[in-house]
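The next block holds one structure in the form of structure tokens; read it before the comments.
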Amino acid sequence: MKTCSKCILPETYPGISFDDKGVCNYCRDYKPEYKNVNSESLLEVLQSVDNPSPYDCVVPLSGGKDSSFILLYIVKELGLNPLVVSYNSGFQHPIAEENVRSACEILGVDLEEIKSPGKIQKGILKASYILSQKMRIAWGCANCPAILRIVPINAARKHKIPFIIWGSSTLETIEGNDYSKDFKALLKMSLKDPRFGFNGFKYIFLRIVQRFLLGFPLRYAFRPFSIPPFSNENPKFIHFYDHVKWDSMRNTQLLGSEIGWKHPVGKESRFDCRLHSIGNVRYLRDYGITMDGLNFSNFVREGKMNRDDALKSEQDIAKKAQDEYDAFLKNIM
Ligand SMILES: [Zn+2]
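Quick note: to get the numbering used here, add 6 to the position in the sequence shown (first position is 1).
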């Protein structure tokens, strides 16, 4: 398969085209926006408003590498007092769960844990698995991108905290699909095939119920495919990695020694959610590259990763993704 000579996007990626040198249009159109600001300016931003709350900011924590480093940095480097929020869909990796609690204990910060109510997430996964055999709409991660935004927004509003520290830089956030189109396709398909229709109904219904029970504002609860935007005030999302550079080696060691951070053997990143392989398999099937690989392409373009490393990591992940996915489904069906 042909891949871009600069990043690692394959020829099967939507909307891609190559020039004579084999460089893709995403690389050609790329404009560096990386704001290499130092820690002082992040501190300045965080102290720029009158803050009525005892907390300086909300830090969403998954127990993975990126968010754990943010928490460590906010507390140790900047000397701030964050409120930590952690969402558990029921499929958080046990090591990640342990990381969340031990980090908060060692750093002496408050933690609010929010769990997906009942067995809803499992129901969504089952329904989505059946739907996924006919269309690419219903991936099991479903509500998670929206939930991961709403949970810290709700915590910030409750405690009147002005800022949420977000874990990915603006650039590596994937805002991929046009969900309204997917929704129409789902309705059309449901009318043709009753079993499909039943699961389609169940899938949408459970997505709405899950949103409702997790305290989504009604305008997002009743639009089950919507993702709330990053708000700019009350609370304002701060993209941490737009301010602070990520240094993988140094940070991983630091996390281990400072807050007892652990990872599963042979898996240092993206282990925090056990549903992660679902996204990778879907992307691989639909676009010819995993979700992680898409992020690697962004890193290469931004100069944070070299192309050979990106290609090698992508091949490893692609090779394992299907096995992980199958093992996972066997477990829940
Ligand atoms: Zn490219």
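Note that CB positions come from ideal geometry on N, CA and C, so glycine has one too. Quick caveat, the model's predicted, so the values are computed rather than measured.
Does the Cβ-Cβ distance between residue i and residue j come in under 9 Å?
i: residue 158; j: residue 250; result: no
i: residue 290; j: residue 324; result: yes
i: residue 153; j: residue 89; result: no
i: residue 56; j: residue 169; result: no
i: residue 137; j: residue 265; result: no
i: residue 155; j: residue 234; result: yes
i: residue 147; j: residue 335; result: no
i: residue 238; j: residue 162; result: no
By alpha-carbon positions, which one of the options ends up nearest to residue i?
i: residue 72; options: 217, 303, 277; result: 277
i: residue 83; options: 333, 328, 260; result: 260
i: residue 21; options: 292, 211, 123; result: 292
i: residue 95; options: 87, 222, 123; result: 123
i: residue 263; options: 101, 112, 52, 7; result: 112
i: residue 202; options: 256, 160, 140; result: 140
i: residue 173; options: 246, 162, 199; result: 246
i: residue 226; options: 330, 244, 160, 258; result: 160
i: residue 332; options: 97, 135, 23; result: 135
i: residue 171; options: 51, 7, 8, 285; result: 51
i: residue 85; options: 114, 329, 98; result: 114
i: residue 65; options: 242, 54, 97, 286; result: 242
i: residue 258; options: 162, 313, 274; result: 274
i: residue 248; options: 47, 31, 25; result: 47
i: residue 284; options: 337, 338, 328, 198; result: 328
i: residue 9; options: 330, 294, 337; result: 294
i: residue 338; options: 31, 24, 97, 34; result: 97
i: residue 99; options: 279, 326, 286; result: 279
i: residue 54; options: 244, 34, 93, 164; result: 244
Beta-carbon within less than 7 Å of residue i's beta-carbon, same chain only, minus the 5 sequence neighbours each way: which residues are those?
i: residue 302; result: 14, 311, 316, 319, 320
i: residue 105; result: 69, 74, 267, 268
i: residue 228; result: 214
i: residue 151; result: 233
i: residue 11; result: 27, 28, 29
i: residue 49; result: 84
i: residue 218; result: 227
i: residue 222; result: 156
By Cβ distance, which residues of its chain are closer than 6 Å to residue i, with the 5 residues on each side in sequence left out?
i: residue 179; result: Reliability of the predicted coordinates at residue 179 is poor, the pLDDT of 44 falling under 50, and the value obtained from them is presented with this limitation in mind. Taken in chain order, the list of residues that qualify is empty.
i: residue 36; result: 307
i: residue 58; result: 166
i: residue 216; result: 126, 149
i: residue 313; result: 306
i: residue 330; result: 283
i: residue 23; result: 31
i: residue 110; result: 90, 117
i: residue 256; result: none
i: residue 236; result: 243
CB-CB under 8 Å to residue i, same chain, minus the five flanking residues each way: which ones, in chain order?
i: residue 101; result: 69, 268, 269, 270, 277
i: residue 212; result: 126, 129, 130, 133
i: residue 181; result: Caution is warranted here: a pLDDT of 48 is assigned to residue 181, below 50, making its placement in the model unreliable, and the coordinate value is therefore given only provisionally. Closer than 8 Å at Cβ, skipping near neighbours: 233.
i: residue 7; result: 16, 17, 18, 294
i: residue 34; result: 25
At the 9 Å Cβ level, is residue i part of the contact set with chain E, yes or no?
i: residue 22; result: The structure shown contains no chain E; it holds only a single protein chain.
message: Threshold first: 4 residues or longer. Then list the alpha helix (DSSP H) segments lying entirely within the stretch 220-251, N to C.
response: Listed in chain order, the complete alpha helix (DSSP H) runs (minimum 4 residues) inside the stretch 220-251 are 224-227.
query: Touching or not, the stretch 292-300 and the stretch 11-30, by the rule of three or more beta carbon pairs under 8 Å?
result: A contact is defined here as three or more CB-CB pairs under 8 Å, and the stretch 292-300 meets this definition with respect to the stretch 11-30.
- prompt: What alpha helix (DSSP H) runs, 4 residues minimum, are completely inside the stretch 73-127?
  reply: Restricted to the stretch 73-127, the alpha helix (DSSP H) segments that are unbroken, complete and at least 4 residues in length are 100-113, listed in chain order.
message: Assess contact between the stretch 187-204 and the stretch 263-270, defined as three or more Cβ pairs (one per stretch) separated by less than 8 Å. Is contact present?
response: Too few Cβ pairs lie closer than 8 Å, so no.
- prompt: Touch check for the stretch 111-120 and the stretch 194-212: three-plus C-beta pairs under 8 Å?
  reply: Not touching, per the Cβ criterion.
field: Complete runs of the alpha helix (DSSP H) confined to the stretch 277-323 [at least 4 residues]
entry: Listed in chain order, the complete alpha helix (DSSP H) runs (minimum 4 residues) inside the stretch 277-323 are 282-293, 297-308.
task: Tell me the start and end of each unbroken beta strand (DSSP E) in the stretch 32-70 that is at least 3 residues and wholly inside, in chain order.
output: Along the length of the stretch 32-70, whole beta strand (DSSP E) runs at least 3 residues long occupy 63-66, reported in chain order.
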